[in-house]
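Here the numbering used here runs 4 ahead of the position in the sequence shown, where the first position is 1. Ideal Cβ positions, reconstructed from N, Cα and C, are used throughout, including at glycine.
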Amino acid sequence: MTDLAPATRSLDLGYSFCPNDTFIFYALHAGRVASPLPVRERLEDVQTLNDWAVAGRLPVTKISYRAYFEVMDRYVALRAGGALGRGVGPLVVAREEVGDLNGRLVASPGALTTAELLLRLAYPEVRLTRMRYDEVMPAVARGEVDAGLIIHESRFTYPEHGLVKLLDLGAWWEGETGLPLPLGAILVRRDLPLDTRRGLNRAVRGSLEYARAHPEEPMEYIRRHALEMSDDVMRAHIDLYVNDFSLDVGEEGERAVRELYRRAVEVGAVRPSALPLFVEG
């Protein structure tokens, strides 16, 4: 884990290339909002960020909630900047209907993704093979796996690959719990001073508020990192994953995270912990 001396003058901030993240963090990256310390962007795919968090590599980072449960001893979640909601779940897709997924080989975007945890909760006997999230649909289309677990912008583009939706895991979760689905959180190191953690929460919330007030200003930054995604897909992605839970997780969001954690502990996926899930105050 990188040591942070008292004289630290900036913090590395990890987040993904996805439009919801670049939309939320644009103003903070561009210096449009105040921050307790300047931040340096570190953009990577979600599985890399999950792996880096397990290694304690970054002081501030986006991460899936499933991966957060692995690193709660080192990190605590901010109340702002995360991805929770309804109708936002990962999808299972295939070339054709395949019926029960138990025993089937499904491509997963990573062991520490919330998507894989949900699939394991829904189908305990599913067989998994893991690859980077943008490699999942091509593997399904080539017939290398029975089905694929897709996240991010793939939710909008899977029909272009000739694939059909088998299951919406967000809808499954909502039907099981009545709660919004927790997907990703922004974590800060627990050993940072409390004032710094609180200040970073205010900065992330302020960055999102700025983007909402000036929605066209971040678009060039978003396009730069969105590979070949069309503007329509970028905007749909932002509309789906950025919502009021991104401003503050709220009481309902906290209940949803606690329920996901409880179920992960119940199936033996993670160890129980009594540490607080979110930054105090």
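Here L132 is near E120, since their CB atoms are less than 9 Å apart. Between the beta-carbon of L116 and that of A71 there is about 4 Å, and that keeps the pair under the 8 Å contact cut.
Proximity to G147 across R124, L109, L244 and L88 peaks at L109, based on C-alpha coordinates. Note that the C-beta distance between G18 and L47 is below 9 Å. P197 counts as exposed, since fewer than 16 other beta carbons sit within 10 angstroms of its beta carbon. Exclusion of the five residues before and after M141 leaves V97, G152, I154, S158, T161, Y162, H165 and L167 as the residues of its chain whose Cβ lies within less than 8 Å of its Cβ.
Annotation: I154 is outside any alpha helix (DSSP H); the continuous beta strand (DSSP E) that includes it extends over A151 to I154.
Assignment of V80 by DSSP, reduced to helix, strand and coil, places it in the strand class. Scanning the segment 204-269 for uninterrupted alpha helix (DSSP H) segments of 4 residues or longer gives 223-229, 235-245 and 248-251, listed from N- to C-terminal end. Taking V269 as the centre and dropping the five residues before and after it, the same chain places the C-beta of P276 closer than 6 Å to its C-beta, in chain order. Restricting attention to A111, I190 and E220, the CA atom closest to the CA of Y69 is found in I190. Contact between the segment 203-211 and the segment 169-177 is not established, with fewer than three Cβ pairs separated by less than 8 Å. H218 is classed as exposed because its beta carbon has fewer than 16 other beta carbons within 10 Å across all chains shown. Y265 is the residue among G272, Y265 and V271 whose C-alpha sits nearest the C-alpha of A278.
Using a Cβ distance threshold of 9 Å, G60 and V75 count as a contacting pair. Only residues of its own chain outside the window of five on either side were considered, and among them A87 and T118 have a CB closer than 6 Å to the CB of L187, listed in chain order. Exclusion of the five residues before and after H156 leaves C22 and Y137 as the residues of its chain whose Cβ lies within less than 7 Å of its Cβ.
Contact between V50 and Y245 is absent: CB atoms are separated by about 12 Å, not below the 8 Å threshold.
Proximity to F249 across V64, S20, R90 and Y79 peaks at R90, based on C-alpha coordinates. Short of 6 Å from the beta carbon of W176, and not among the five residues preceding or following it, lie these beta carbons of its own chain, in chain order: A126.
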